[in-house]
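Novice:
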Amino acid sequence: MSQANHNSNNNNKEKHTISALVENNAGVLSRISGLFARRGFNIHSLAVGVTEVPDVSRITIVAEGDDYVLEQIAKQLNKLVDVIKVRTLPKHGSELLSRELMLVKVSCTPSERQELIAIAKINDAKISDVSATAMTLELSANQQRLSAFEELIRPYGIKEIARTGVIALQKGATSLNS
Amino acid sequence: MNAARALVKCLEKEGVTSIFGYPGAAICPFYDELVLSNSSIEHILVRHEANAGHAASGMARISGKPEVCVATSGPGATNLITAIATAYMDSIPIIALTGQVHSEQIGKDVFQEADMTGAVEPFVKHSYLLKSPKEAAELPRIIREAFHIAATGRPGPVLIDIPIDVQLEEISFSVDDYQPSSKAPPEIRGYKPSFSGNKLQIKRVIDAIAESKKPLICAGGGVFARNAQTLMQQFAERADIPVVNTMMGISSFPSDHRLSCGMLGMHGKQLPNRALNECDLLILLGARVNDRAISPSNSERGFKVIHVDIDPAEIGKNLPAAIPVVGDIYAVLEQILELLPKDLGKHDEWCNYLLGNKTGANVVIKSSFDDSDDNNSSEEKNVVSPKEFYGSLNKLLPKDAIVTADVGQNQIWTANNIQLGEGGRFLTSGGMGTMGYSVPCAVGAKRGNPEREVVAICGDGSFQMQFMELATMIQHGINIKIIIMANNRLGMVRELQKLKYQNNLTAVFLDGSPDFIKLADAYGINGEHISNNKDVDKALTTLLASKKPYILVVDVDAEERSIL
Ligand SMILES: Cc1ncc(C[n+]2csc(CCOP(=O)(O)OP(=O)(O)O)c2C)c(N)n1
Ligand SMILES: [Mg+2]
Chain A
1 MSQANHNSNN
11 NNKEKHTISA
21 LVENNAGVLS
31 RISGLFARRG
41 FNIHSLAVGV
51 TEVPDVSRIT
61 IVAEGDDYVL
71 EQIAKQLNKL
81 VDVIKVRTLP
91 KHGSELLSRE
101 LMLVKVSCTP
111 SERQELIAIA
121 KINDAKISDV
131 SATAMTLELS
141 ANQQRLSAFE
151 ELIRPYGIKE
161 IARTGVIALQ
171 KGATSLNS
Chain B
179 MNAARALVKC
189 LEKEGVTSIF
199 GYPGAAICPF
209 YDELVLSNSS
219 IEHILVRHEA
229 NAGHAASGMA
239 RISGKPEVCV
249 ATSGPGATNL
259 ITAIATAYMD
269 SIPIIALTGQ
279 VHSEQIGKDV
289 FQEADMTGAV
299 EPFVKHSYLL
309 KSPKEAAELP
319 RIIREAFHIA
329 ATGRPGPVLI
339 DIPIDVQLEE
349 ISFSVDDYQP
359 SSKAPPEIRG
369 YKPSFSGNKL
379 QIKRVIDAIA
389 ESKKPLICAG
399 GGVFARNAQT
409 LMQQFAERAD
419 IPVVNTMMGI
429 SSFPSDHRLS
439 CGMLGMHGKQ
449 LPNRALNECD
459 LLILLGARVN
469 DRAISPSNSE
479 RGFKVIHVDI
489 DPAEIGKNLP
499 AAIPVVGDIY
509 AVLEQILELL
519 PKDLGKHDEW
529 CNYLLGNKTG
539 ANVVIKSSFD
549 DSDDNNSSEE
559 KNVVSPKEFY
569 GSLNKLLPKD
579 AIVTADVGQN
589 QIWTANNIQL
599 GEGGRFLTSG
609 GMGTMGYSVP
619 CAVGAKRGNP
629 EREVVAICGD
639 GSFQMQFMEL
649 ATMIQHGINI
659 KIIIMANNRL
669 GMVRELQKLK
679 YQNNLTAVFL
689 DGSPDFIKLA
699 DAYGINGEHI
709 SNNKDVDKAL
719 TTLLASKKPY
729 ILVVDVDAEE
739 RSIL
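Chains A and B, in that order, are what the protein sequence lines are. Under this note's numbering, the final residue of the first sequence carries the number 178; numbering is consecutive throughout. Under this note's numbering, the final residue of the second sequence carries the number 742; numbering is consecutive throughout.
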């Protein structure tokens, strides 16, 4: 993006959360991911799921870029016929409800079990699976809390992690389709 | 009836009169119904699928509505891709219909299977795949949507991929109930092209024009997309603003108009580029600020930009716009004309400065024949000077002709020197620079308006990428004229190698090319080969008088430059 900077007031590459309502059909995801790849937009995460309307899905994208890139992302997304509505969500936690679900499988000897259960408890994580040598914890939170939690349990030996990518809604009564 | 017949009937209802295509197994049901249903649609058998796409593009640019190309699955469909991409870059509305393998076999890599919706994804405005016979009944809706999407907003190609079993599926469809997209635009919730400009922005446009001492209009291909040429001329005249154009905007403004400056950009002449560098207000009308036209560094020169475009994503993409106006250019120009004060002063000083001695500023400088050790430098040069040639062509060609140019030096010569008047059209592959566009585009353009003189100008390299279409012209009685600017080189690449690669000339010699006149003769086409300035007038007169296809081969010097 050689011309990325010339009309932005703000050249900081910040993370932005973009929410889009899209037609719930087969091609839509590849159209959107193709668009991001093709235009060199940087995606951190992309999460898709159905909505209250059966044939409409919501895609939540966390992307990095300055104002110019953000504007282009929104405009280019809007050009896709399958995209019904696009909005860049507010950045501040006071206005934004953003969550991600993480499953983390951590090594755990019988003697470490109580310790890990205690850590899970204070962090509001659920214990989803326990076996002789491992335990799988489940936490839904914003990204900062997920990272903090990950650091806390890293010393025990993380075997694998699965994360859903961020989903988000604007706080208050407004909705994307209003 | 089956879906294939419904498809034929929908196309008829959409006003399609000619389609360009090439058959194969997976599209046979459609071809079958074209005959069985006694369709009014003429099928033109091209000799390569890319040319079906280019022909549809040429026809669409003249008819002003989407036109159709057809191919079979697999290689037929992938052959179309270059044409689809070419149409996409220039925002030309075409509908590509492709046959697909049996729906149950999709994804199994069966014979002649290619994922077309996937393959063209970066190059289409939208695409459809009818995944199963259950979706066959959706075909009429899809056709209506496809025509609507291709034609409205920023026009562009739409692909419809139809498995053979879906084509054969019986559906209940009543032709009389089908409403063409232009009469009854479909409701598509994710597609709402905006139409008129924001009133406040229009007001700002008026104020900026009133303040400006040195305003400049830059007309792009978008002007044709809404047939806004006349309105733009009214605007330029009433506000007394000189007009430059991009390559895609050539012929949107009469060449001989007192306000006409010509094509700007890397391949343009001095006058339009000086106008751009010295203006204080640039009014972009349907021009997307391609890097070859306006470089981002131009924005540092401090002119104010008004950018009128139907596609919001183009505004501010390559050039910051002080006054963005999203809207249909026709509607926006009407809005501007309505508010433009009657007592708006003239820009005499600016116009005189730029255009005062226009003939002088536009004068073509004789190319300097420098002595590089190109093959024939020592030989005596039996060549036609392009400058002389375009002079004669402009004198003899009807002002309302349609001229297509290929890619290469021939394109730049034509773009900079062709002079067309009202109704005349210049067509070329601007955004993609696709060699092999000019002849099939001309074939389509002739079908778009059979009354017009249609002349394709190409190079000896690009001619060899498209001469198979001579057969199409003969078979379907499409009387276009072809001018080949022959330098026995891939001239533009040669020029680049000379200027930027220490004259290390490689892979640019076209030795081995056939005698084009003999080749034309093999197709039953008359032609003439000239290599002297004094033969130009007579040869062009014969070419233009011919009631049949005609080929003129013009020998030009390999040392000739793009900017004459
Ligand atoms: C399909 C395609 N392949 C390659 C190119 C690169 N290219 C641009 S101009 C040119 C030379 C064209 O030669 P010719 O048609 O003889 O025209 P001339 O420049 O000699 O007038 C080439 C190869 C292109 N634009 N399109
Ligand atoms: Mg050549």
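Backbone N, C-alpha and C fix where the C-beta goes; we use that ideal spot for every residue, glycine too.
Could you give the distance in angstroms between the alpha-carbon of Pro519 (chain B) and the alpha-carbon of Ile488 (chain B)?
Specialist: As a position in the second sequence, residue 519 (chain B) is number 341, starting the count at 1. As a position in the second sequence, residue 488 (chain B) is number 310, starting the count at 1. A straight line joining the alpha-carbon of Pro519 (chain B) with that of Ile488 (chain B) spans about 25 Å.
Novice: Taking 8 Å as the CB-CB limit, is Val53 (chain A) close to chain B?
Specialist: Start at 1 with the first residue of the first sequence, and residue 53 (chain A) comes out as number 53. No, no contact with chain B.
Novice: Looking at ligand 1, does it come within less than 7 Å of Gln144 (chain B), judged from the CB to the closest heavy atom?
Specialist: Outside the displayed span of chain B (179 to 742) sits residue 144 (chain B), for which this structure offers no information.
Novice: Of all the CB atoms in chain B, is at least one closer than 8 Å to the CB of Lys187 (chain A)?
Specialist: Since the first and last residues shown for chain A are 1 and 178, residue 187 (chain A) lies out of range.
Novice: My understanding is that Gly702 (chain B) touches Leu730 (chain B), with C-beta atoms under 8 Å, so please give their C-beta distance in whole angstroms.
Specialist: Residue numbering aside, residue 702 (chain B) sits at position 524 when the second sequence is read from its first letter. Residue numbering aside, residue 730 (chain B) sits at position 552 when the second sequence is read from its first letter. That belief does not hold up - the Cβ atoms of Gly702 (chain B) and Leu730 (chain B) are roughly 16 Å apart, past 8 Å.
Novice: Considering just the uninterrupted stretch of the beta strand (DSSP E) at Asp733 (chain B), what are its terminal residues?
Specialist: Sequence index remark: in the second sequence, residue 733 (chain B) carries index 555 (1-based). Residues Tyr728 to Asp733.
Novice: With a threshold of 16 other CB atoms inside 10 Å of the CB of Glu738 (chain B), please say whether the residue is buried or exposed.
Specialist: On the second sequence, residue 738 (chain B) is found 560 positions in, with the first residue counted as 1. The residue in question, Glu738 (chain B), is buried, as its Cβ has 16 or more Cβ neighbours within 10 Å.
Novice: Identify the residues that DSSP records as bridge partners of Glu23 (chain A): which are they?
Specialist: Working through the first sequence from its first residue, we reach residue 23 (chain A) at position 23. According to DSSP, Glu23 (chain A) bridges with A:Val56.
Novice: Using DSSP bridges, identify the partner residues of Met441 (chain B).
Specialist: In the second sequence, the residue the question calls residue 441 (chain B) occupies position 263. According to DSSP, Met441 (chain B) bridges with B:Asn423.
Novice: Answer yes or no: do Tyr568 (chain B) and Ile596 (chain B) have a C-beta to C-beta separation smaller than 8 Å?
Specialist: For the purposes of this step, residue 568 (chain B) is taken as residue 390 along the second sequence, with counting starting at 1. For the purposes of this step, residue 596 (chain B) is taken as residue 418 along the second sequence, with counting starting at 1. The beta carbons of Tyr568 (chain B) and Ile596 (chain B) sit closer together than 8 Å.
Novice: Looking only at its own chain, which residues have a Cβ that is under 8 Å from the Cβ of Arg319 (chain B), when we skip the five neighbours before and after it?
Specialist: In the second sequence, counting from the first residue as 1, residue 319 (chain B) sits at position 141. Same-chain partners within the cutoff: Pro364.
Novice: Taking 7 Å as the cut-off, is the CB of Leu683 (chain B) close to at least one heavy atom of ligand 2?
Specialist: To locate residue 683 (chain B), count along the second sequence from 1; it is residue 505. No, the beta carbon of Leu683 (chain B) sits no closer than 7 Å to any heavy atom of ligand 2.
Novice: Can you name the start and end residues of the alpha helix (DSSP H) that Ser640 (chain B) belongs to?
Specialist: As a position in the second sequence, residue 640 (chain B) is number 462, starting the count at 1. Per DSSP, Ser640 (chain B) belongs to the alpha helix (DSSP H) from Asp638 to Phe641.
Novice: Which same chain residues end up closer than 6 Å to Val504 (chain B) when comparing Cβ atoms and leaving out the 5 residues on each side of it in sequence?
Specialist: Within the second sequence, numbered from 1, the residue matching residue 504 (chain B) stands at position 326. These residues qualify, in order along the chain: Ser372 and Pro490.
Novice: Quick one: Cα of Gly690 (chain B) to Cα of Met410 (chain B), how far?
Specialist: On the second sequence, position 512 is the one that residue 690 (chain B) refers to. On the second sequence, position 232 is the one that residue 410 (chain B) refers to. Distance between the alpha carbons of Gly690 (chain B) and Met410 (chain B) is about 48 Å.
Novice: Short of 6 Å in beta carbon distance, which residues of its chain neighbour Ile419 (chain B), apart from the five on each side in sequence? Order them along the chain.
Specialist: Counting from one through the second sequence, the residue named residue 419 (chain B) turns up at place 241. Taken in chain order, the residues that qualify are Pro393 and Ile395.
Novice: If you compare alpha carbons, which of A:Ala148, A:Arg31, A:Asn24 and A:Val83 is closest to Asp55 (chain A)?
Specialist: The residue given as residue 55 (chain A) occupies position 55 in the first sequence. Ranking the options by Cα distance to Asp55 (chain A), first place goes to A:Asn24.
Novice: So that I know if they touch, is there some Cβ in chain A lying closer than 8 Å to that of Tyr266 (chain B)?
Specialist: Taking the first residue of the second sequence as position 1, residue 266 (chain B) is located at position 88. Output row for Tyr266 (chain B): interface = no.
Novice: Count the other CB atoms, across all protein chains shown, that sit within 10 Å of the CB of His304 (chain B); report buried if there are 16 or more and exposed otherwise.
Specialist: On the second sequence, position 126 is the one that residue 304 (chain B) refers to. That one is buried.
Novice: Do you know how far the Cα of Tyr369 (chain B) is from the Cα of Ile543 (chain B)?
Specialist: The residue given as residue 543 (chain B) occupies position 365 in the second sequence. The residue given as residue 369 (chain B) occupies position 191 in the second sequence. Because Ile543 (chain B) carries a pLDDT of 34, less than 50, the predicted location of this residue cannot be relied on, and no value is offered for it.
Novice: Comparing C-alpha positions only, which one of A:Leu96, A:Ile61 and A:Asn78 sits nearest to Ala173 (chain A)?
Specialist: Stepping through the first sequence from its first residue, residue 173 (chain A) is reached at position 173. Of the candidates A:Leu96, A:Ile61 and A:Asn78, the one whose C-alpha sits nearest the C-alpha of Ala173 (chain A) is A:Leu96.
Novice: Taking the beta strand (DSSP E) that Tyr306 (chain B) belongs to, which residues open and close that run?
Specialist: Here residue 306 (chain B) refers to the residue found at position 128 when the second sequence is read from its first residue. Segment His304 to Leu307, the beta strand (DSSP E) holding Tyr306 (chain B).
Novice: Let me know the secondary structure DSSP gives Cys247 (chain B) once reduced to three states.
Specialist: Here residue 247 (chain B) corresponds to residue number 69 of the second sequence, with the count starting at 1. Looking at Cys247 (chain B) - three-state DSSP - the assignment turns out to be strand.
Novice: In whole angstroms, what is the alpha-carbon distance linking Gly538 (chain B) and Gln448 (chain B)?
Specialist: Reading the second sequence from its first residue, position 360 is the one you call residue 538 (chain B). Reading the second sequence from its first residue, position 270 is the one you call residue 448 (chain B). Low per-residue confidence applies at Gly538 (chain B): pLDDT is 41, beneath 50, and the placement is therefore not dependable, though the value from the model is reported in the following sentence. Going from the Cα of Gly538 (chain B) to the Cα of Gln448 (chain B) covers about 11 Å.
Novice: Less than 7 Å separating the Cβ of Arg739 (chain B) from some heavy atom of ligand 2?
Specialist: Locating residue 739 (chain B) in the second sequence gives position 561, where the first residue counts as 1. Result no, Cβ not under 7 Å from ligand 2.
Novice: Can you name the residues of chain B whose CB is closer than 7 Å to the CB of Asp82 (chain A)?
Specialist: Looking up residue 82 (chain A) in the first sequence gives position 82. Going along chain B in sequence order, the residues near Asp82 (chain A) (Cβ under 7 Å) are Gly368.
Novice: What would DSSP say about Lys15 (chain A), mapped onto helix, strand or coil?
Specialist: Sequence index remark: in the first sequence, residue 15 (chain A) carries index 15 (1-based). Correct three-state label for Lys15 (chain A): strand.
Novice: On the three-state DSSP scale, how would you describe Lys85 (chain A)?
Specialist: Start at 1 with the first residue of the first sequence, and residue 85 (chain A) comes out as number 85. Here Lys85 (chain A) sits in strand by DSSP.
Novice: Please classify Lys312 (chain B): is it buried, with 16 or more other beta-carbons within 10 angstroms of its beta-carbon, or exposed?
Specialist: Mapped onto the second sequence, residue 312 (chain B) falls at position 134. Burial call: exposed.
Novice: Can you list the residues of chain A that Lys495 (chain B) reaches, using a CB-CB cut of under 7 Å?
Specialist: Position 317 of the second sequence, counting from 1, holds the residue named residue 495 (chain B). Going along chain A in sequence order, the residues near Lys495 (chain B) (Cβ under 7 Å) are Gln72.
Novice: Run the CB neighbour count on Glu282 (chain B), radius 10 Å, all protein chains shown included, and call it buried at 16 or more, exposed below.
Specialist: Taking the second sequence and counting its residues from 1, the one referred to as residue 282 (chain B) is at position 104. Its Cβ having fewer than 16 others within 10 Å, Glu282 (chain B) is exposed.
Novice: Against Glu23 (chain A), what residues of chain B qualify as contacts under a CB-to-CB distance less than 7 Å, listed in chain order?
Specialist: What you label residue 23 (chain A) is simply residue 23 of the first sequence in a count that begins at 1. The answer, in chain order, is Gly368.
Novice: Leu101 (chain A): which of A:Gln144, A:His16 and A:Leu35 sits nearest, CA to CA?
Specialist: Residue mapping note: residue 101 (chain A) aligns to position 101 of the first sequence, counting from 1. Taking only the C-alpha atoms, the option nearest Leu101 (chain A) is A:Gln144.
Novice: Alpha carbon to alpha carbon, what distance is there between Gly93 (chain A) and Leu116 (chain A)?
Specialist: Taking the first sequence and counting its residues from 1, one reaches residue 116 (chain A) at position 116. Taking the first sequence and counting its residues from 1, one reaches residue 93 (chain A) at position 93. Looking at the two C-alpha atoms, the distance is approximately 29 Å.
Novice: Any heavy atom of ligand 1 within a distance shorter than 7 Å of the CB on Met670 (chain B)?
Specialist: By one-based count along the second sequence, residue 670 (chain B) stands at place 492. Met670 (chain B): yes, Cβ under 7 Å from ligand 1.
Novice: Distance check for Tyr356 (chain B) and Arg183 (chain B), CA to CA, integer angstroms please.
Specialist: Position 5 of the second sequence, counted from the start, is the residue given in the question as residue 183 (chain B). Position 178 of the second sequence, counted from the start, is the residue given in the question as residue 356 (chain B). So the alpha carbons of these two residues sit roughly 13 Å apart.
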